[in-house]
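Engineer: The following block contains the structure, expressed as structure tokens.
Residue numbers (my numbering): 816 to 986.
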């Protein structure tokens, strides 16, 4: 790798601290869950999904994860409406692929029972299963997940910037 291709880190002394270890990258192949629990894995998977025009599936899944951790019920209701409008409603600009019954069930459930952390669980599970069966296997075969000596740098720093606390990796 040439020095021009190496990333540099702001607020860090060592370049390597900006990148996932090769072990982390290898673990992404264990399962979609392993990939989605790693910030670098999410960034790489998002880049892959963007190339396939299906980034909204990941964005929906992540939005629901954030929604489930919302402490306030009033904020949860606002987030729920935003998620529904953005990803599930018939007029959604970034509509995810899901069954029609999921949406009608969601609307009925939320109107009668109110919003709670499990409000989107069925839809999230369906999108996870879709990504696991469809996008994830293609991702593992893609050039973005080539397991060679330079894959960590290629994957994590040559295509975008990542922010982690006060660390920024840029190419």
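Ideal placement from N, C-alpha and C gives every residue a C-beta, glycine not left out.
1) Look at the alpha carbon of residue 941 and the alpha carbon of residue 836, and state the distance between them as a whole number of angstroms.
2) If you run the structure through DSSP and keep just helix, strand and coil, what is residue 876?
3) Does DSSP classify residue 845 as helix, strand or coil?
4) Under the assumption that residue 950 contacts residue 851 (Cβ atoms under 8 Å), give the Cβ distance between them as a whole number of angstroms.
5) Out of curiosity, what's the CA-to-CA distance linking residue 905 and residue 911?
6) Helix or strand or just coil, what does DSSP make of residue 863?
7) Can you name, in chain order, every residue of its own chain whose Cβ lies under 7 Å from the Cβ of residue 907, other than the five neighbours on each side?
8) Below 8 Å on the Cβ atoms is my guess for residue 894 versus residue 882; work out the distance and round it to an integer in Å.
9) Over the uninterrupted alpha helix (DSSP H) stretch that includes residue 932, give me the two end residues.
Structural biologist: Taking the coordinates as given:
1) 31 Å
2) helix
3) coil
4) Not quite, the Cβ-Cβ distance comes to about 12 Å (not below 8 Å), so this is no contact.
5) So the two alpha carbons sit approximately 10 Å from each other.
6) helix
7) 900 and 901
8) That pair is a contact at about 5 Å.
9) Run containing residue 932: none; DSSP gives neither H nor E here.
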